[in-house]
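If you count the sequence shown from 1, position 194 lands on 286 in the working numbering, and the numbers rise without skipping.
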Amino acid sequence: MHAPVSVTDPHNFTACWRQPPNFRLHVPFDYLFMPAIDILDHIRQDEEVRFTILGEEDWQVRMDRTAAFRTAPVEEIITWPFRLVHFNLSRFYGELLEGFQDEVMIPWRTYLASQGFTWQRCAPILFLSSQGATSTYHNDNSHGLVWQVHGTKTFHSYHNPDKHLSAEAAVIGETTAEEPPAHDETDRQSVTMHPGDHLWSHALTPHWVTTESPLALSVTLSHGALSHQGRYAERELALRSHWDKNPAEAWTLDLGHTRY
93 MHAPVSVTDP HNFTACWRQP PNFRLHVPFD YLFMPAIDIL DHIRQDEEVR FTILGEEDWQ
153 VRMDRTAAFR TAPVEEIITW PFRLVHFNLS RFYGELLEGF QDEVMIPWRT YLASQGFTWQ
213 RCAPILFLSS QGATSTYHND NSHGLVWQVH GTKTFHSYHN PDKHLSAEAA VIGETTAEEP
273 PAHDETDRQS VTMHPGDHLW SHALTPHWVT TESPLALSVT LSHGALSHQG RYAERELALR
333 SHWDKNPAEA WTLDLGHTRY
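In structure tokens, the structure reads:
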């Protein structure tokens with residue numbers, strides 16, 4: 093397998109962002125998160141959190157764990173296979189993520205603007221999962237700067253996504269499944285991420301994520317309608333074309349079809 097490109101010079105980002113494959117990106121964020129288990133204990137109580145209990149146990153065990161997820165001892169929770177996502181982190185900027193807006197979001201948006209980028213949306217998404225958990229096989233309509241905060245995950249995609257899923261098929265949602273389809277392993281790009289690692293995930297490219305440590309936390313900065321000096325990424329042109337033909341669907345596709 094080919095190692096992913098690693099972009100260490102921020103100015104080179106503008107040369108790599110428009111087309112796959114994914115690449116490592118060095119971003120010198122200086123922000124200290126609370127321990128992952130404390131974040132889990134807090135965020136699992138929030139009404140907007142989404143989580144899925146996984147595993148080989150029978151249906152009743154999964155149902156019981158789902159019912160107890162918000163109240164069981166957190167030390168027990170992390171022994172269960174689960175995946176969790178929260179899309180609205182701004183509600184925690186004054187407590188759980190104090191300083192995140194000033195220390196992460198504003199500097200990152202300032203950097204993008206200084207390089208000639210514009211966007212319609214740039215917002216963080218938080219992911220938590222336990223060992224053995226796997227995300228769905230899916231694509232996002234937005235570009236993602238994936239930031240591994242705690243534990244280890246492996247981010248799987250393809251060296252040549254067009255070979256496996258056209259941009260047009262991704263736009264109409266032909267991707268989502270619990271597991272990726274059969275494919276040649278040499279086609280796969282698998283990037284193992286440790287705390288402090290960053291990866292650029294291109295919009296409309298199929299991918300899936302596996303958790304390799306007892307508990308893993310990552311934050312993805314999601315970029316909707318990102319463009320550089322008026323030019324969109326190659327695969328996103330299919331999305332813009334679809335929206336031009338179906339203008340009433342734009343916001344539904346962008347905000348309503350987030351899958352985890």
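The beta carbon of each residue, even a glycine, is placed where N, CA and C say it ideally should be.
Sequence-distant residues of its chain with Cβ nearer than 8 Å to G348 (five each side left out): A caution first: G348 carries a pLDDT of 40, below 50, which makes its placement in the model unreliable, though a value can still be read off. Same-chain partners within the cutoff: there are none.
Taking the alpha-carbon positions, what's the A76 to P165 distance? Because the chain in this structure spans residues 93 to 352, residue 76 falls outside the shown range and cannot be described.
Straight-line gap, E260 to N231 (C-alpha atoms, nearest Å): The alpha-carbon atoms of E260 and N231 are separated by roughly 12 Å.
Whole-angstrom distance between S249 and D279, CA atom to CA atom: 9 Å
So, L313 versus G236, is the Cβ gap smaller than 8 Å? Cβ atoms of L313 and G236: closer than 8 Å.
Which term fits N180, buried or exposed, when burial requires 16 or more other beta carbons within 10 angstroms of its beta carbon? Looking at its Cβ environment, which holds fewer than 16 other Cβ atoms inside 10 Å, N180 is exposed.
Leaving out the 5 sequence neighbours to the left and right, which residues in its chain are closer than 8 Å to T267 when beta-carbon positions are compared? Y229, H230, N231, L257, A261, P298
Please report the Cβ distance between P287 and V241, rounded to the nearest whole angstrom; I am assuming they are in contact, meaning their Cβ atoms lie under 8 Å. The distance from the Cβ of P287 to that of V241 is about 6 Å, consistent with a contact at the 8 Å cut-off.
Would DSSP call T297 helix, strand or coil? Correct three-state label for T297: coil.
Please go through the region 111-169 and give each complete alpha helix (DSSP H) segment of 4 or more residues, from N-terminal end onward. 128-135, 151-160, 166-169
Extent of the continuous alpha helix (DSSP H) run through R199: Inspection of the sequence shows that residue 199 is occupied by Pro rather than by Arg. 198-206 is the span of the alpha helix (DSSP H), which, as asked, contains P199.
With DSSP as the reference, label F105 as helix, strand or coil. helix
Option in S234, D289, F121 with minimal Cα separation from M197: F121
Taking the continuous beta strand (DSSP E) assigned at A215, which residues delimit it? Per DSSP, A215 is one residue of the beta strand (DSSP E) stretching across 213-222.
Whether I145 touches L307 by CB criterion (8 Å): no
Give the secondary structure of R183 by DSSP, where H, G and I count as helix, E and B as strand, and everything else as coil. helix
For T210, which residues of its own chain have a beta-carbon under 7 Å away from its beta-carbon, when the five flanking residues on both sides are left out? S319
Mind checking whether S227 and W292 have CB atoms under 8 Å apart? no
Would E326 and R142 be called neighbours here (beta carbons separated by less than 8 Å)? no
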